[in-house]
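Last residue of the sequence shown? That's 516 in this note's numbering, and every number before it is there in order. C-beta: ideal position from N, C-alpha, C; glycine also. Presented below is the structure to which this report refers.
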Amino acid sequence: MAQSETVERILDAAEQLFAEKGFAETSLRLITSKAGVNLAAVNYHFGSKKALIQAVFSRFLGPFCASLEKELDRRQAKPEAQHATLEDLLHLLVSQAMAVKPRSG
């Protein structure tokens, strides 16, 4: 199995298990079992459970931030942008977060 495939399998399993069970209730052993890799693979590729959690968040936050930045730029180009409210910004944040598709089911 290629390194990148191993990393993706670990991330997919971790994302699904963290969503289902939470961070505290999800062990590395459970993640590696679901991913079909050995326990050492998480430490090799991520270093720690904390780093794995950060990598799972990065998978979501990368597309989210890119989409949000693009939409903010688009909106700021409009004349009415100077009258945007906090409610408008919060609505934008929520709508952009909801638009990011989960990777695992």
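Between Q414 and H456, the CB-CB gap stays under 9 Å. In terms of Cα proximity to H502, the closest of F434, E482 and P490 is E482.
A straight line joining the alpha-carbon of T437 with that of G473 spans about 23 Å.
In this structure, DSSP gives E436 a state outside helix and strand, which the three-state scheme calls coil. Within a 10 Å sphere around the beta-carbon of L428 sit 16 or more other beta-carbons, which makes this residue buried. Taking the C-beta atoms as reference points, Q507 is found nearer than 9 Å to S478. In the assembly as shown, E426 is a buried residue. Its beta-carbon has 16 or more other beta-carbons within 10 Å. For L450, the secondary structure class from DSSP, reduced to helix, strand or coil, is coil.
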